[in-house]
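Q: The listed protein sequences derive, respectively, from chains W and G.
When the letters of the first sequence are read in order and numbered with this note's numbering, they come out as residues 126 to 479.
When the letters of the second sequence are read in order and numbered with this note's numbering, they come out as residues 126 to 479.
To start, I am sharing the structure in question, which I have written as structure tokens.
Number of protein chains: 2
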Amino acid sequence: MKTVMNALLDQGKQTDVLLAEDLKDLASHLGNYGRSVMWVFDTNTAKLFKQLPPSHVVLESGELSKTFSSLERILSCSLDEGLARDGRIIGFGGGVVCDMSAFAASIYMRGCRLTLVPTTLLAMVDASLGGKTAIDFRGMKNMVGSFYPASEVLVSIDTLRTLSDKEFLNGLAEVIKHALLSQDEELYKFLLVKKNEILSRDTQTLSQLVELSLLVKKWYIEQDPTETKGIRQALNLGHTFAHALESSSHFGSWGHGAAVAWGTCRALEAGVALGVTDKAYASGATKLFKSYGYDIEHRIGRGDWIEFRDHLLKDKKKLDGKVRFVLLTAQGKAVLQPLDMPLVQHLVIAKPIF
Amino acid sequence: MKTVMNALLDQGKQTDVLLAEDLKDLASHLGNYGRSVMWVFDTNTAKLFKQLPPSHVVLESGELSKTFSSLERILSCSLDEGLARDGRIIGFGGGVVCDMSAFAASIYMRGCRLTLVPTTLLAMVDASLGGKTAIDFRGMKNMVGSFYPASEVLVSIDTLRTLSDKEFLNGLAEVIKHALLSQDEELYKFLLVKKNEILSRDTQTLSQLVELSLLVKKWYIEQDPTETKGIRQALNLGHTFAHALESSSHFGSWGHGAAVAWGTCRALEAGVALGVTDKAYASGATKLFKSYGYDIEHRIGRGDWIEFRDHLLKDKKKLDGKVRFVLLTAQGKAVLQPLDMPLVQHLVIAKPIF
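Shown next as structure tokens:
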């Protein structure tokens, strides 16, 4: 295992991100934890093991598992296994498994140890770093959760080989979003130049991609660990639109990343419409998303607008009753501002500007 | 309202404790919060209002309400009322209401604002200050929760007038425990000298008592806000015994405070048996509990030992598989150490030493 970075979060908590050479390297590191651990898998990641470790929970894969009921299962199994506060929960899977294991670890006896092993690109570059934990609640995405950084995040690029193209693109959308939010252009250029290697999932290229993407996230979360300073919220670029799309499609056809790609393009258009985002920059970024195959021109049906708007209005970034959107004033420079509903309606149901 | 103290907790969070002159003063302060609030009452505290505020949840009073299901009710009502992250949950009640409202506030959108209005002595001197939130889980007390300090704790001594004697003594046990843990003898002496005024619930005396008691708690929690340094755990004096007693009586006949009085005396006896606690000090402290009417000589039946022990073994203070007890080496000086089960058995089922 090679240490890729250490992210310093609140209360002096530190997350170490380690990169495994291969699955064997990962397994050997995990073996060192000893016995006081509770593993959390989903039905996909459980298949990676010939024999599951003795203390484990296997959740049904997919967003529909991200519930209080799954959370109670993890807590209940931990209690059955006699896990104490110095015990460790290991979340082994994608974003759902990572978010839920972390939430469970944050409230089990008011907080036990936590290791995350993200096995999707989305979980590697987003869910596993930064301490945000969550479950969905009454159909609202990530409505209930906590801030609780993992002590270790273990990344094995090998696990990305088995992902479907759809799932791989789910994660890549967050990487492109990070490229737009980066303080330099390295990741943006990497995405432009290395498209073929990325899409063919070359191990070396993906290692670099994940590291560059994590560095952007680290920059934001270290400055604003609990999202109270208005800095970290930049990472929500595209997410207000995306969550509403996901919620109103009932987490069915739209994966999180695909929705984020779509939502980021809507946020770029909103910025252009208000004169805060440079048109050429927005156009270039939109083309980058398009070049990786995202359906960014999707528009919601007129009949679905009311449900979409109702989901928008429940966004967590509300202040004084107004939903605020992340807009880009330039590469790496975000502002948070409310949008008029007629403009939003125009952006999501009219024809694309670009 | 008069500011009694500010406790500085982790992440730069501060809890202001304010003392109301009377219920009118309290109501006027609460009126200033405006509309984006969700009130949590129990069936007892709801009776204090002629008309309840528009957004509220009323929980069945008592420990049996401290469940995931009540937690979901608070979250669900908050969502229904459109409460955003800058909204506020106000917990108005005893320890159960305070612990649950605070837990709900800590996870609603990963944390909204929180005010606690403790209406029992127990909640005033213990549950409302220090940021520990919790629910019971599978019959285990406070097994699931978080650290989330309230921004304001509003104390109105008037609310103590309506408590039953049993409920009043429930809180007083924590006050006596604080007296033993204090770095000076002021609270201990106050309890010895002012017994009649305390038991007759003289307002002025109770204001002083609550303030002195909170100062002791403040001393411990400021040094160790998330109980990671082994300092704050001193506040658990008597609680390992007490929780096991409460759990094995299924939260029936034993109130928390009465169990803490009993448990603290067992911890003093354990200290004497091991030679770490001075016998005269332990005897004096035991007499103080007795003088306030606690049933400290209770012993559990031989047939109940196995269940009691099983509950003990699930204590959160376990390290490397061993349950650790808080013992006193002197006034204000605590140590955390494992006890042999035969000694524990002897202490809880044999005859009292004093």
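We treat Cβ as the ideally placed atom computed from N, Cα and C, and that holds for glycine.
For Thr140/W, which three-state DSSP category applies?
A: Sequence index remark: in the first sequence, residue 140/W carries index 15 (1-based). Note: Thr140/W maps to strand in three-state DSSP.
Q: Please compile the residues from chain G whose C-beta is within a distance smaller than 8 Å of the C-beta of Asp211/W.
A: Indexing the first sequence from 1 puts residue 211/W at position 86. Under the 8 Å cutoff, chain G gives Lys443, Leu444, Asp445.
Q: Give the list of continuous alpha helix (DSSP H) stretches no shorter than 4 residues that lie fully inside the stretch 358-390 of chain W.
A: If we require 4 residues or more, the alpha helix (DSSP H) runs fully inside the stretch 358-390 of chain W come out as 364-373.
Q: According to DSSP, what are the bridge partners of Ser271/W?
A: Counted from its first residue, the first sequence places residue 271/W at position 146. The partner list for Ser271/W (beta bridge, DSSP) reads Thr258/W.
Q: Just to make sure I have the definition right: I need the residues of chain W whose C-beta is within less than 8 Å of the C-beta of Met466/G. Which are they?
A: For this step, residue 466/G is matched to residue 341 along the second sequence. The contacting residues do not exist; Met466/G stays about 16 Å from chain W at best.
Q: My guess is that Arg449/G and Pro467/G are in contact by the Cβ rule of under 8 Å, so how many angstroms apart are they, rounded?
A: Mapped onto the second sequence, residue 449/G falls at position 324. Mapped onto the second sequence, residue 467/G falls at position 342. Their Cβ separation, rounded to whole angstroms, is 17 Å, which puts Arg449/G and Pro467/G out of contact at 8 Å.
Q: When you compare the stretch 268-281 of chain G with the stretch 314-326 of chain G, are there three or more beta-carbon pairs, one atom per stretch, that lie closer than 8 Å?
A: Judged by Cβ distances under 8 Å, the stretch 268-281 of chain G makes no contact with the stretch 314-326 of chain G, as fewer than three pairs qualify.
Q: Could you give the distance in angstroms between the alpha-carbon of Gly382/W and the alpha-carbon of Leu438/W?
A: Position 257 of the first sequence, counted from the first residue, corresponds to residue 382/W. Position 313 of the first sequence, counted from the first residue, corresponds to residue 438/W. Rounded to whole angstroms, Gly382/W to Leu438/W spans 21 Å at the Cα level.
Q: Measure how close the beta-carbons of Ile421/W and Ala386/W come, nearest whole angstrom, since I'm counting them as under 8 Å.
A: Residue 421/W sits at position 296 when you count from the first residue of the first sequence. Residue 386/W sits at position 261 when you count from the first residue of the first sequence. The Cβ separation is near 6 Å, so the contact holds.
Q: When the distance is taken between beta carbons, is Gln358/W closer than 7 Å to Leu461/W?
A: Within the first sequence, the letter at position 336 stands for residue 461/W. Within the first sequence, the letter at position 233 stands for residue 358/W. Result yes, Cβ atoms of Leu461/W and Gln358/W sit closer than 7 Å.
Q: Rounding to the nearest angstrom, what Cα-Cα distance links Cys390/W and Asp135/W in this structure?
A: Stepping through the first sequence from its first residue, residue 390/W is reached at position 265. Stepping through the first sequence from its first residue, residue 135/W is reached at position 10. Taking the straight line from one Cα to the other gives about 32 Å.
Q: Using a Cβ cut-off of 9 Å, which residues of the stretch 277-291 of chain W contact any Cβ in chain G, in chain order?
A: Answer in chain order: no residues at all.
Q: State the Cα-Cα distance for the pair Met130/G and Glu277/W, rounded to the nearest angstrom.
A: Residue 130/G sits at position 5 when you count from the first residue of the second sequence. Residue 277/W sits at position 152 when you count from the first residue of the first sequence. When rounded, the distance between both Cα atoms is 38 Å.
Q: Mind checking the stretch 261-272 of chain G against chain W and listing, in chain order, the residues whose C-beta falls within less than 9 Å of any C-beta there?
A: Those residues of the stretch 261-272 of chain G that come within reach of chain W (Cβ to Cβ, closer than 9 Å) are Phe262, Arg263, Met265, Asn267, Met268, Val269, Gly270, Ser271, Phe272.
Q: Check the Cβ-Cβ distances between Arg200/G and every residue of chain W, and say whether any is below 7 Å.
A: For the purposes of this step, residue 200/G is identified with residue 75 of the second sequence, where counting begins at 1. Per the sequence presented here, residue 200/G reads as Leu, with Arg not at that position. Leu200/G counts as touching chain W.
Q: Shorter than 6 Å, the distance from the beta carbon of Glu185/W to the closest heavy atom of the ligand FMN, or not?
A: By its list of ligands, the structure shown contains no ligand whatsoever, and the ligand FMN lies outside what it can speak to.
Q: Thinking C-alpha only, which one of Arg434/W, Ile214/W, Asp440/W, Gly207/W is nearest Gly236/W?
A: Here the question's residue 236/W lines up with position 111 in the first sequence. It is Ile214/W whose Cα lies nearest to the Cα of Gly236/W.
Q: In three-state DSSP terms, what is Tyr233/W?
A: Along the first sequence, read from residue 1 onward, the residue named residue 233/W stands at position 108. Here Tyr233/W sits in strand by DSSP.
Q: Quick one: Cα of Leu481/W to Cα of Met163/W, how far?
A: Beyond the ends of chain W as shown, which are 126 and 479, falls residue 481/W; an answer cannot be given.
Q: Please report the distance separating the alpha-carbon of Val182/G from that of Val165/G.
A: Here residue 182/G refers to the residue found at position 57 of the second sequence. Here residue 165/G refers to the residue found at position 40 of the second sequence. Roughly 5 Å separates the two Cα atoms.
Q: In the DSSP assignment, what residue or residues form a beta bridge with Phe217/G?
A: If you number the second sequence from 1, residue 217/G lands on position 92. Val242/G, per the DSSP bridge assignment.
Q: How many whole angstroms separate the CB atoms of Val335/G and Val280/G, which I take to be in contact at a CB cut-off of 8 Å?
A: To locate residue 335/G, count along the second sequence from 1; it is residue 210. To locate residue 280/G, count along the second sequence from 1; it is residue 155. Val335/G to Val280/G, Cβ: 6 Å. Contact.
Q: Evaluate the contact criterion for the stretch 190-202 of chain W versus the stretch 249-269 of chain W: three or more CB pairs, one atom per stretch, below 8 Å.
A: With the cut-off at 8 Å, the stretch 190-202 of chain W and the stretch 249-269 of chain W touch.
Q: Once DSSP output is grouped into helix, strand and coil, what is the label at Ala252/G?
A: Within the second sequence, numbered from 1, the residue matching residue 252/G stands at position 127. Note: Ala252/G maps to helix in three-state DSSP.
Q: Taking only beta-carbon atoms, is Met234/G less than 7 Å away from chain W?
A: Indexing the second sequence from 1 puts residue 234/G at position 109. Chain W, which has a Cβ nearer than 7 Å to the Cβ of Met234/G, makes this yes.
Q: Within a Cβ cutoff of 6 Å, which residues of the same chain sit near Gly216/W, ignoring the five residues on either side of it in sequence?
A: The residue labelled residue 216/W in the question sits at position 91 within the first sequence. If we look at Gly216/W and ignore the five residues flanking it on each side, its Cβ neighbours are Val165, Val222, Cys223, Ser226, Leu241.
Q: Whole angstroms are fine: how far does the CA of Lys127/G sit from the CA of Asp150/G?
A: The count along the second sequence starts at 1 and reaches residue 150/G at position 25. The count along the second sequence starts at 1 and reaches residue 127/G at position 2. Taking the straight line from one Cα to the other gives about 10 Å.
Q: Among residues of its own chain, excluding the 5 on either side of Asp251/W, which ones have a beta-carbon nearer than 6 Å to its beta-carbon?
A: Taking the first residue of the first sequence as 1, we reach residue 251/W at position 126. The answer, listed in chain order, is Glu299.
Q: According to DSSP, simplified to helix, strand and coil, what is Ala398/G?
A: Here residue 398/G refers to the residue found at position 273 when the second sequence is read from its first residue. If DSSP states are grouped into helix, strand and coil, Ala398/G belongs with the helices.
Q: Could you tell me how far apart the beta carbons of Lys441/G and Arg210/W are, in whole angstroms, since I believe they sit closer than 8 Å?
A: Against the second sequence, residue 441/G aligns to sequence position 316. Against the first sequence, residue 210/W aligns to sequence position 85. At roughly 5 Å, the Cβ-Cβ gap stays under 8 Å, so Lys441/G and Arg210/W are in contact.
Q: Closest to Arg326/G by C-alpha separation, out of Ala229/G, Ser289/G, Gln470/G, would be which residue?
A: Looking up residue 326/G in the second sequence gives position 201. The shortest Cα separation from Arg326/G among Ala229/G, Ser289/G, Gln470/G belongs to Ser289/G.
Q: In angstroms, rounded to a whole number, what distance separates the CA positions of Glu322/G and Thr330/G?
A: Translated into the one-based positions of the second sequence, residue 322/G becomes position 197. Translated into the one-based positions of the second sequence, residue 330/G becomes position 205. Spanning the two alpha carbons is a distance of roughly 6 Å.
Q: Residue ranges of each beta strand (DSSP E) run of no fewer than 3 residues wholly in the stretch 141-208 of chain G, ordered along the chain?
A: If we require 3 residues or more, the beta strand (DSSP E) runs fully inside the stretch 141-208 of chain G come out as 162-167, 181-184.
Q: Counting Cβ pairs, one atom from each stretch, are 3 or more of them under 8 Å apart for the stretch 359-368 of chain W and the stretch 299-310 of chain W?
A: Judged by Cβ distances under 8 Å, the stretch 359-368 of chain W makes contact with the stretch 299-310 of chain W, as three or more pairs qualify.
Q: Can you tell which of Lys404/W, Asp465/W, Ser372/W has the C-alpha that lies nearest to the C-alpha of Lys447/W?
A: What you label residue 447/W is simply residue 322 of the first sequence in a count that begins at 1. Measuring from the Cα of Lys447/W, the nearest candidate turns out to be Asp465/W.
Q: What separation, rounded to the nearest whole angstrom, lies between the Cα atoms of Asn295/W and Ser203/G?
A: Position 170 of the first sequence, counted from the start, is the residue given in the question as residue 295/W. Position 78 of the second sequence, counted from the start, is the residue given in the question as residue 203/G. When rounded, the distance between both Cα atoms is 31 Å.
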